[in-house]
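Visitor: In my numbering, the protein residues as written are 786 to 1078.
Backbone N, C-alpha and C fix where the C-beta goes; we use that ideal spot for every residue, glycine too.
After the C-alpha cells below, expect a handful of questions from me.
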C-alpha cells in the first residue's frame, strides 16, 4: 500500500502486515516439486549462515566449517614462537584481531585428526551401512517425538487459555462498564495468543507430516565417495567434508561437530543432524581415542 509523505505530494510504498497478505497457492505451475524446492532452500540457507564462499577451495581442511561461540568464524593461521621459533598451525577466531573474542585457538592438526576420526567411525567401519541406517532412523524418530511433544504443549496451553477467557467473559456479564471494558480488552489479548498458538500447531503438524513421509535411506554412494577421498585425494576429501559436516562449534569448554545425515536420505526435507560433543582439552592436547571400534 502507499502512504503520503509529509515533505512533498509523492507517496511511498510500505509493506502491509503479514495478516493482511492475500496468498493464492498454485497460481503458477511449478517447475520442480515442493520437496526439491525446500531441499534447495535448506542448502542455500546453510551456505549463507555457515560456509563461506570460496572456502571449499582453500588448502586447509576445515576452513569455512568452524563457528566460534562469539558468533565469528575460525580461520587457519600459521604461528611461530618458542625458544626454537617453532612453526605451529592453528585455527583461530577472526574476531581475535578486534579483541572481541576470548575463545582460545586450537591446534589445526589435532582438530583435523579428531574430525576425520569421527567420520571414519561412522563411515569406514565394518557394518557401516547398517549402523548408519539405524542412527538415521533413531534421529528421525526423535524428531517426531519432539514435534509431537511441542504440539501437545501448545494444545494444553490453549485449553488453559480458553478456560481463562471463559472466566473473564462470565465476570464481564455482571461487571460495570469500566471493568467490562478492561476485561474484554484482556480477552482480546488472550484470544490473540490462542490464535498464534493455533498457527504454530498448524505449522508443526505440517512439519510432522513431512517427518513421517516415506523416505529412502541410500547410503552406498556417499560411503564410496568418502572412502575413496580418504585414500589421499585432498580436494575430494574437502568436498566430502563440506557435504557431511553442517558446522563445527568451538568454545573454551567443548567442541561440537554437527554431522548432516540428510546426505543419505531422499524424499525427505527435514534436517537430520547427528551431534558429537567432546571436551575442548581432549582435542587441544590430542587425548582423544584413535580407535575406530
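At what residue ranges does the stretch 948-1007 contain a whole run of the beta strand (DSSP E), taking only runs of 3 or more?
Guide: Within the stretch 948-1007, no complete beta strand (DSSP E) run reaches 3 residues.
Visitor: Over the uninterrupted beta strand (DSSP E) stretch that includes residue 875, give me the two end residues.
Guide: 871-878 is the extent of the beta strand (DSSP E) around residue 875.
Visitor: Tell whether a beta-carbon distance below 8 Å holds between residue 888 and residue 1037.
Guide: Going by C-beta atoms, residue 888 is nearer than 8 Å to residue 1037.
Visitor: Counting only beta-carbon atoms, is residue 1023 nearer than 8 Å to chain D?
Guide: The structure shown contains no chain D, having only a single protein chain.
Visitor: Let me check understanding here. Comparing Cα to Cα, which of 805, 989, 878 lies closest to residue 935?
Guide: Cα-wise, what sits closest to residue 935 is 989.
Visitor: Taking residue 1066 as part of the beta strand (DSSP E), name the residues at either end of that continuous run.
Guide: Element bounds for residue 1066: not the beta strand (DSSP E) but the alpha helix (DSSP H), 1065-1069.
Visitor: Which whole-angstrom value describes the C-beta separation of residue 893 and residue 915, a residue pair presumed to lie in contact below a C-beta threshold of 8 Å?
Guide: At roughly 34 Å, the Cβ-Cβ gap does not stay under 8 Å, so residue 893 and residue 915 are not in contact.
Visitor: So what's residue 1076 in DSSP terms, helix, strand or just coil?
Guide: Coil, per DSSP.
Visitor: Who are the Cβ neighbours of residue 1063 in its own chain at under 6 Å, not counting the five residues just before and after it?
Guide: Cβ neighbours of residue 1063 beyond the five flanking positions: 1040.
Visitor: Measuring straight from C-alpha to C-alpha, what distance separates residue 787 and residue 808?
Guide: The alpha-carbon atoms of residue 787 and residue 808 are separated by roughly 20 Å.
Visitor: In the DSSP assignment, find the beta strand (DSSP E) that holds residue 753 and state where it starts and stops.
Guide: This structure leaves residue 753 out entirely; the chain is present only between 786 and 1078.
Visitor: Whose CA, out of 944, 861, 900, lies closest to the CA of residue 1061?
Guide: The shortest Cα separation from residue 1061 among 944, 861, 900 belongs to 900.
Visitor: In whole angstroms, what is the alpha-carbon distance linking residue 1050 and residue 1000?
Guide: Computed Cα separation, rounded: 7 Å.
Visitor: Between the stretch 875-887 and the stretch 853-860, are three or more C-beta pairs nearer than 8 Å?
Guide: In short, these stretches touch, since the Cβ pair count reaches three.
Visitor: Roughly how many whole angstroms lie between the Cα atoms of residue 795 and residue 1054?
Guide: Taking the straight line joining both Cα atoms gives about 46 Å.
Visitor: Kindly list the residues whose CB is nearer than 8 Å to the CB of residue 933, restricted to its own chain and excluding five residues on each side of it in sequence; keep chain order.
Guide: Taken in chain order, the residues that qualify are 993.
Visitor: Using the Cα positions of residue 797 and residue 806, report the straight-line distance between them to the nearest angstrom.
Guide: Rounded to the nearest angstrom, the two C-alpha atoms are 18 Å apart.
Visitor: Within the chosen definition, does the stretch 969-985 reach the stretch 940-956 through at least 3 CB pairs nearer than 8 Å?
Guide: Verdict: yes, contact present.
Visitor: Is DSSP giving residue 1015 helix, strand or coil here?
Guide: Residue 1015: coil per DSSP, three-state reduction.
Visitor: So residue 900 is in the alpha helix (DSSP H); what residue range does that whole segment cover?
Guide: Start and end: 893-908.
Visitor: How many Å lie between residue 830 and residue 1066 at the Cα?
Guide: When rounded, the distance between both Cα atoms is 32 Å.
Visitor: CA-CA distance, residue 810 and residue 1057?
Guide: Rounded to the nearest angstrom, the two C-alpha atoms are 28 Å apart.
Visitor: Identify, in the order they occur along the chain, each residue of the same chain with its Cβ nearer than 6 Å to the Cβ of residue 1071, setting aside the five sequence neighbours on each side.
Guide: Excluding residues within five positions, the ones whose Cβ falls inside 6 Å are 895.
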